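Taking it in order: structure first as structure tokens, then the write-up.
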Amino acid sequence: MKPKHHLYLDQDLSDELERLAAAPGTTKSAIACEALRKFFKHKGSGEHDAAIRMRLDRLSRAHERLARDVEVILESLTVYVKYDFMLTAHLPEPDKVSAAKGRERFDRFTHTVGNSLAQAHRQNEPAQLANEEDVYRPGDQK
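Taking the UniProt record's numbering, I'd label the letters of the sequence shown as residues 1 to 142.
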């Protein structure tokens, strides 16, 4: 014999219980027993929580490594750009040919980066930012 319990439910839970119990072959008692069984099983078992916690810890460490790597890359790029600006002479104002050549090289650079990133995104692989023919070398007349 099963012991009888008197429970008070919120109205939304009561409505949901009524809706589920309206299906043929189900009873409110069976639904409540199954729900309580699952609740007690997961509440008493910390294995599931421990597994999730371990996975979250692993993901957190990976995220921290990626954040550190991105920070190193950005700092390296910043130092390189500052160094390059320091070494690169400023163009005289009337030198429009050199300015146009610089714009052309920058446009080629941004186009190459964009294509490489788009191609890598389509193939789900890291971007290779330069092909041999896309690398600028002083004296190139591209």
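We treat Cβ as the ideally placed atom computed from N, Cα and C, and that holds for glycine.
Note that the structure is a prediction, hence the values are computed from the model and not measured.
Do you know how far the Cα of residue j is from the Cα of residue i?
i           : j           : result
residue 71  : residue 29  : 58 angstroms
residue 77  : residue 88  : 16 angstroms
residue 23  : residue 14  : 15 angstroms
residue 53  : residue 83  : 45 angstroms
residue 86  : residue 73  : 20 angstroms
residue 113 : residue 119 : 10 angstroms
residue 5   : residue 64  : 51 angstroms
residue 38  : residue 68  : 41 angstroms
residue 36  : residue 62  : 37 angstroms
residue 75  : residue 96  : 32 angstroms
residue 115 : residue 12  : 54 angstroms
residue 134 : residue 50  : The predicted position of residue 134 is uncertain, since its pLDDT is 49 and thus under 50; a value taken from the coordinates is nonetheless stated next. If you take the alpha carbons of residue 134 and residue 50, they lie about 50 angstroms apart.
residue 101 : residue 81  : 19 angstroms
residue 107 : residue 46  : 57 angstroms
residue 7   : residue 66  : 51 angstroms
residue 144 : residue 79  : The question about residue 144 has no answer here: the residues shown for the chain are numbered 1 through 142.
Who are the Cβ neighbours of residue i in its own chain at under 6 angstroms, not counting the five residues just before and after it?
i          : result
residue 40 : none
residue 1  : none
Throw me the rounded Cβ distance for the residue i and residue j pair, which I believe falls under 8 angstroms.
i         : j          : result
residue 9 : residue 17 : 7 angstroms
Once the 5 residues before and after residue i are set aside, which same chain residues still bring their CB inside 8 angstroms of it?
i          : result
residue 42 : 48
Could you pull out every residue in the same chain whose Cβ sits closer than 7 angstroms to the Cβ of residue i, ignoring the five residues on either side in sequence?
i          : result
residue 27 : 21
Taking only beta-carbon atoms, is residue i less than 8 angstroms away from chain C?
i          : result
residue 75 : No chain C appears in the structure shown, which is made up of a single protein chain.
Any heavy atom of the ligand PLP closer than 7 angstroms to the beta-carbon of residue i?
i         : result
residue 3 : This structure does not include the ligand PLP; it has no bound ligands of any sort.
(message) Any contact between the segment 56-65 and the segment 17-35? By contact I mean 3 or more CB pairs, one from each, below 8 angstroms.
(response) no
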